[in-house]
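To start, the structure under review is shown below, and the notes come after it.
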């Protein structure tokens, strides 16, 4: 039992060190991340059907749980930074981009998991494009 604990305590820092390209964010492999994805929602879209559609689509596609980040008292950038720091591999943002396109083909900002990238970059995609990239 003690050996298993020791091994776990040694493996986790090694995994974080190898998969995180910088000290600004933890990049955990999806299998050991606390959640499979997070959905960051602006105050205006919190009770919107687009939020429910995004959550249910991600939940059907991914195992491991989806985190709804509804901390509207913090700005979007701060929430994304925090989610990256705790190792969430995928982040979908429903905010200004979604509000601007909601009456056409709604787009979201998507931060995909990238273990080799030095910087976080988002993509403006439709929800179906996000689902296709997840696989």
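In mature numbering (1 follows the signal peptide of the UniProt record, and there is no 0), the protein residues as written are -17 to -1, 1 to 118.
C-beta atoms are modelled at their ideal positions from N, C-alpha and C, and glycine is treated no differently.
Treat the numbers as computed from the prediction; the structure is a model and nothing was measured.
Residue nearest to residue 95 in terms of C-alpha spacing, selected from 36, 84, 110: For the purposes of this step, residue 95 is taken as the residue at position 112 of the chain shown. Looking at the Cα atoms, 110 is the closest of the given residues.
Nearest-angstrom Cβ-Cβ length linking residue 113 and residue 74, presumed shorter than 8 Å: Against the chain shown, residue 113 aligns to sequence position 130. Against the chain shown, residue 74 aligns to sequence position 91. 11 Å between Cβ atoms; not a contact.
Leaving out five residues before and five after residue 84 in sequence, what residues of the same chain have Cβ atoms less than 7 Å from its Cβ? Walking along the chain shown from the start, residue 84 turns up at place 101. Hits under 7 Å: 90.
Which of helix, strand or coil DSSP assigns to residue 113: In the chain shown, the residue the question calls residue 113 occupies position 130. Here residue 113 sits in helix by DSSP.
Rounding to the nearest angstrom, what Cα-Cα distance links residue 108 and residue 115 in this structure? Residue 108 sits at position 125 when you count from the first residue of the chain shown. Residue 115 sits at position 132 when you count from the first residue of the chain shown. One C-alpha to the other measures close to 10 Å.
Reference residue 16; option with closest CA among 50, 104, 105, 88: Working through the chain shown from its first residue, we reach residue 16 at position 33. Residue 50 is the option with its Cα nearest to residue 16.
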